[in-house]
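A short worksheet on the structure shown next.
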Amino acid sequence: METLIKLSARSLEYYINAKRWNTDLEFYKDEIDFLNKLLKENFIHLTNSKRNVVIIHLIGKLAELVNEKHQVKELLDHQLKDLELLAEDLFIESKEAIAGKQAHLEYLIRDLVNEYREIKKSIFVLLDRILTDDELKVN
């Protein structure tokens, strides 16, 4: 942490944002794992074949999201390493390169979060319909 004090205010802001994004990605990993388990183990057996197609589609979308998350995580880890090298005056690229990578990461993170929200919303709507239909059958 002592070496991070040597960073400019802008680079320190990049580092803090990258660390926060890293934490967010870990949280999304846990949520995606939970949603996958929920769909695969609990709901796919409770529905008709039409809804099973939707569930399988959503499971596929979650898998795509996991792959995308891994790619973003790799870029994010590289950016954090570059910022640490910059703090130690060992970074060989320009500061503009870091700024460009940071802007690209911000775009990727925002896109990933938006995709995740849409998938999660679709899952919640589907689960609500399944549970509502089950209530109608019980009554």
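Reading the sequence shown from the start, the letters are residues 2 to 140 in my numbering. Ideal Cβ placement from N, Cα and C applies to all residues, glycine included. Just so it is clear, the structure is predicted and the values come from calculations on it, not from any experiment.
For residue i, the first and last residue of its enclosing alpha helix (DSSP H)
i	result
residue 70	50-88
residue 12	10-38
Where residue i sits in the DSSP three-state scheme
i	result
residue 124	helix
residue 7	helix
residue 94	coil
residue 140	The predicted position of residue 140 is uncertain, since its pLDDT is 46 and thus under 50; no value can be drawn from it.
residue 105	helix
residue 131	helix
residue 45	coil
Rounded straight-line distance, which links the Cα of residue j to that of residue i
i	j	result
residue 93	residue 115	34 Å
residue 30	residue 14	24 Å
residue 71	residue 58	20 Å
residue 49	residue 120	20 Å
residue 26	residue 73	9 Å
residue 46	residue 28	27 Å
residue 145	residue 24	What is shown of the chain runs 2 to 140, which leaves residue 145 out entirely.
residue 129	residue 22	30 Å
Same chain only: Cβ atoms within 8 Å of residue i, ignoring 5 sequence neighbours per side
i	result
residue 76	102, 105, 106, 109
residue 33	63, 66, 67, 70, 117
residue 80	15, 19, 99, 102, 103, 106
Minimum Cβ-Cβ distance from residue i to chain D less than 8 Å
i	result
residue 23	The structure shown contains no chain D; it holds only a single protein chain.
Contact test: residue i Cβ vs the ligand COA heavy atom, cutoff 7 Å
i	result
residue 129	The ligand COA is not part of this structure, which contains no ligands at all.
Own chain residues within Cβ distance below 6 Å of residue i, not counting five before or after
i	result
residue 43	none
Given 8 Å as the limit, is there contact between the stretch 78-90 and the stretch 32-50, that is, 3 or more CB pairs closer than that?
-> no
Does the stretch 118-132 touch the stretch 48-66, meaning 3 or more C-beta pairs lie closer than 8 Å?
-> yes
Evaluate contact between the stretch 91-105 and the stretch 49-60, counting only Cβ atoms and requiring at least three cross-stretch pairs below 8 Å.
-> no
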